[in-house]
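Participant: Protein chains in written order, with my numbering: chain U, 619 to 755; chain B, 43 to 419. Cβ coordinates follow ideal geometry from the N, Cα and C atoms, glycine included. All values reported here derive from a predicted model rather than from experimental measurement. Have a look at this one.
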């Protein structure tokens, strides 16, 4: 009795038609597939699985991902992206400095922003080299 | 702890990767060392040879560098073992190098042998070797009709192969439009057409539909090469224009030479997969003397047990899992369809009607095998 009711319910809501339609679509897709198509798709999926497995079991990469997810790191990445896309202030329309070499480099090193960036970079490299070190540099 | 794998085929590779996945931290810290010794730097997906024989895959599709399949940290050497010195917990290789171990896994596999049946090698085609598979395809491509006989030696790898080869021969000739010119004859060594009863029951109506003649109790004795006749131990014979064989197999000679097992099969506990009378030596895959199917899936499922148990033995001193005899085989049928047989020590297989979906799954698995070898799938 319950089965009849369920069957009526399926008919009333057009579910049966939808199922037939879906089944027909799947059958049609199956007919269209060749061994070559299946092989190529499966190879791509297989290599993808292997890649994902390697990436997700790489503890170094996972640790890096976790660090990159930190808000401060995201902010820094945004600044980096912005800096890469925009020339330094006031430099947009200028030609290359006429005086380069050591003197130009020394002038740049006097810039407090550059000094701060070098300080942070040095601190980072020190931590990579010795993870237990603190920021005493 | 030193864990040594001898053999880099399907079983050895999956098992080594399974252990390395479980003990990756210990490997990195130097507490565990995994070494694999193999006779070759290549890894072949052996079930793919059947597809090579029918022109559906190329040899390059079924081969990868062995080192590319191994987990980081596994030391790999192409240097086959010649002497097993189990009492000293060490092996000696062809190059004369001694490798000591705390745990040893022997996965040397088995190989086709023809010397038991005079005339068989020179007169038959087989998909069981690389050269054989390529040669078989060339023969099939040029075949224009006549008597095709399928003959089976025992024991052999892949229990389903005789039936599967017959189905694929039928399909191949049908697609070429010469099926009516081919008399397809199937033989099998025991009283029914397959040693697994449910597979035999399922295959008979399929054979009848495909008009395949079959004869049971046909054990190859010799092949009359000149007259193209196979003689059986039972006194019957089969004439052929094309002879396709599933050759008999033996374990490797090195196993027999070291008195590890008669005919190269290592006596093995069916549940723990420990070599009998040893407490630190495992055997798996085709190498064991277990009366179960010699297939890649057997080696695969055994490898999971061995991987878990070696890790568990290292960490707790106790093995945690037992092999239940699980085997899973795809069976290619005709008309782009396939089915499967799944069974274990207790439950026999129930064979369902072949479907296109199952054939697609098999074609997919041929690609996904490399994930299996890495211990992922």
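Tell me, please, whether the CB atom of residue 678(U) is closer than 8 Å to any CB atom in chain C?
Facilitator: Of the chains in the structure shown, none is chain C; the protein chains are U and B.
Participant: Residue 60(B): buried (16+ other C-beta within 10 angstroms of its C-beta) or exposed?
Facilitator: It counts as buried.
Participant: Out of 252(B), 202(B), 199(B) and 237(B), which one is the CA nearest neighbour of residue 214(B)?
Facilitator: The shortest Cα separation from residue 214(B) among 252(B), 202(B), 199(B) and 237(B) belongs to 252(B).
Participant: Kindly indicate if chain U contains any beta-carbon less than 8 Å away from that of residue 409(B).
Facilitator: It does: the Cβ of residue 409(B) has a partner Cβ on chain U nearer than 8 Å.
Participant: Quick one: is the Cβ of residue 80(B) within less than 7 Å of any heavy atom of the ligand COA?
Facilitator: By its list of ligands, the structure shown contains no ligand whatsoever, and the ligand COA lies outside what it can speak to.
Participant: I'd like to know if the region 650-661 of chain U and the region 393-409 of chain B are in contact, where contact means that at least 3 CB-CB pairs between them fall below 8 Å.
Facilitator: Output reads yes: the region 393-409 of chain B touches the region 650-661 of chain U.
Participant: Out of 405(B), 257(B) and 280(B), which has the shortest C-alpha to C-alpha gap to residue 265(B)?
Facilitator: Of the listed residues, the one whose Cα sits closest to residue 265(B) is 280(B).
Participant: Rank 138(B), 143(B), 291(B) and 135(B) by C-alpha distance to the C-alpha of residue 129(B) and give the top, closest one.
Facilitator: It is 143(B) whose Cα lies nearest to the Cα of residue 129(B).
Participant: With DSSP as the reference, identify every bridge partner of residue 142(B), one or two as the case may be.
Facilitator: Partner(s): 132(B).
Participant: Between which two residues does the beta strand (DSSP E) containing residue 225(B) stretch?
Facilitator: Residue 225(B) -> beta strand (DSSP E) spans 224-229.
Participant: Give the C-beta separation of residue 33(B) and residue 167(B) to the nearest angstrom, bearing in mind that I take them to be a contact with Cβ-Cβ under 8 Å.
Facilitator: Residue coverage of chain B in this structure runs from 43 to 419, which leaves residue 33(B) outside it and unanswerable.
Participant: What's the C-alpha gap between residue 208(B) and residue 47(B)?
Facilitator: Their Cα atoms are separated by approximately 36 Å.
Participant: Is the number of C-beta pairs between the region 374-394 of chain B and the region 221-231 of chain B that are closer than 8 Å three or more?
Facilitator: Counting Cβ pairs under 8 Å, fewer than three are found: no touch.
Participant: Let me check one thing: in DSSP terms, what residues is residue 256(B) bridge-paired to?
Facilitator: Paired residues: 228(B).
Participant: Can you grab the Cα-Cα spacing for the pair residue 204(B) / residue 117(B), in whole Å?
Facilitator: Near 38 Å, if we compare the C-alpha coordinates of residue 117(B) and residue 204(B).
Participant: Only counting runs of 4 or more residues, tell me where the alpha helix (DSSP H) segments fall wholly within the region 87-131 of chain B, in order along the chain.
Facilitator: DSSP runs (the alpha helix (DSSP H)) wholly in the region 87-131 of chain B: 90-95 and 108-111.
Participant: Assuming residue 95(B) contacts residue 175(B) under a Cβ cut-off of 8 Å, what Cβ separation, rounded to an integer in Å, is found between them?
Facilitator: Between residue 175(B) and residue 95(B) the Cβ distance is about 4 Å, and since that is below 8 Å, they are a contact.
Participant: Between 100(B), 271(B), 348(B) and 338(B), which has its C-alpha nearest residue 325(B)'s C-alpha?
Facilitator: Of 100(B), 271(B), 348(B) and 338(B), the residue nearest in Cα terms is 348(B).
Participant: Who are the neighbours of residue 178(B) on chain U, taking C-beta pairs under 8 Å?
Facilitator: Per Cβ cutoff of 8 Å: no residues; residue 178(B) is ~19 Å from chain U at best.
Participant: Note the first and the last residue of the continuous alpha helix (DSSP H) segment covering residue 694(U).
Facilitator: First-last of the alpha helix (DSSP H) with residue 694(U): 689-703.
Participant: Along the beta strand (DSSP E) that carries residue 274(B), what are the first and last residues, could you check?
Facilitator: 271-274 is the extent of the beta strand (DSSP E) around residue 274(B).
Participant: In chain B, which residues lie with their C-beta within 8 Å of the C-beta of residue 668(U)?
Facilitator: Per Cβ cutoff of 8 Å: 412, 413, 416 and 418.
Participant: Measure from the alpha carbon of residue 394(B) to the alpha carbon of each residue in 80(B), 415(B) and 241(B), then state which is nearest.
Facilitator: With distances taken between Cα atoms, residue 394(B) lies closest to 241(B).
Participant: Within its chain, find whatever has a CB closer than 7 Å to the CB of residue 196(B); leave out the 5 residues flanking it on each side and keep chain order.
Facilitator: Only 231 and 290 meet the Cβ criterion.
Participant: Could you tell me whether the region 350-365 of chain B touches the region 51-65 of chain B, using the rule of 3 or more Cβ pairs below 8 Å?
Facilitator: Touching, yes, given that three or more Cβ pairs across the two stretches are closer than 8 Å.
Participant: Measuring alpha carbon to alpha carbon, tell me which residue in 419(B), 315(B), 335(B) and 372(B) is nearest residue 344(B).
Facilitator: It is 315(B).
Participant: Select from 169(B), 330(B) and 87(B) the residue whose C-alpha is nearest the C-alpha of residue 302(B).
Facilitator: Closest option to residue 302(B), Cα to Cα, is 330(B).
Participant: Please classify residue 638(U) as buried or exposed, where buried requires at least 16 neighbouring CB atoms within 10 angstroms.
Facilitator: Residue 638(U) is exposed by the Cβ-count criterion.
Participant: Does the region 64-77 of chain B come within contact of the region 259-275 of chain B, defined as at least 3 CB pairs closer than 8 Å?
Facilitator: They do not touch, by the three-pair rule.
Participant: What is the DSSP secondary structure of residue 654(U), counted as helix, strand or coil?
Facilitator: In this structure, residue 654(U) counts as helix in the three-state DSSP scheme.
Participant: Out of 370(B), 257(B), 114(B) and 69(B), point me to the one whose CA is closest to residue 386(B)'s CA.
Facilitator: Cα-wise, what sits closest to residue 386(B) is 370(B).
Participant: Tell me, please, whether the CB atom of residue 52(B) is closer than 8 Å to any CB atom in chain U?
Facilitator: No, its Cβ sits nowhere closer than 8 Å to a Cβ of chain U.
Participant: Considering only the beta carbon of each residue, do residue 420(B) and residue 218(B) sit closer than 8 Å?
Facilitator: The displayed coordinates of chain B run from 43 to 419. Any statement about residue 420(B) would go beyond what the structure contains.
Participant: Roughly how far, in whole angstroms, is the beta-carbon of residue 246(B) from the beta-carbon of residue 235(B), given that I think they are within contact range, below 8 Å?
Facilitator: The pair is a contact, with the Cβ atoms about 6 Å apart (cut-off 8 Å).
Participant: Residue 755(U) to residue 71(B), Cα distance in whole Å?
Facilitator: Residue confidence is low: residue 755(U) scores 40 on pLDDT, short of 50, so the model does not pin down where it sits. Its coordinate-derived value is still stated next. The alpha-carbon atoms of residue 755(U) and residue 71(B) are separated by roughly 30 Å.
Participant: Taking all protein chains shown into account, decide if residue 409(B) is buried (16 or more other Cβ within 10 angstroms of its Cβ) or exposed.
Facilitator: By the neighbour-count rule (16 or more Cβ atoms within 10 Å), residue 409(B) is buried.
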